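Position one of the sequence shown corresponds to residue 624 (this note's numbering), numbered consecutively onward.
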Amino acid sequence: MLTAATGTASRVATDLDGFRVEADLPAELSATAHAAVLAALATADRYGHTRTRTSEYVWAEISREANVTTNESPDAAYRALLGHTMTCTACRTGTACPDATKLVRVWRETRR
């Protein structure tokens, strides 16, 4: 979602506690792209914006919590989210998508 929102390639790092996604911000960010970045960051457990002398990027961290409170497995929920974002025009262009928001909530709930 960050890749679509920023138009730049995302970097992903994983560890035992979860994973972190970082995406460089372009010099100019339209209002639509800005809204898409904020929507993507809102799906994370933790997120932020880092600015250095040479770069500016946003980051999102998602933890791997083991307590599952729904009948759907985290893998199935993630596959549903991924399948949607790969085919949805709104998601692919970085536009806010209410269906993706619902699928993210389901996926996050399965990880608790």
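Ideal Cβ placement from N, Cα and C applies to all residues, glycine included. Since this is a predicted model, take the numbers as computed values, not measurements.
Between Asp647 and Tyr680, the C-beta spacing is below 7 Å. As the crow flies, the alpha-carbon of Ala650 is around 34 Å from that of Val729. Per DSSP, reduced to three states, the secondary structure at Ala667 is coil, with no helix or strand assignment. Only exposed fits Leu639, as fewer than 16 other CB atoms lie within 10 angstroms of its CB.
Bounds of the alpha helix (DSSP H) holding Ala627 are Leu625 to Thr629.
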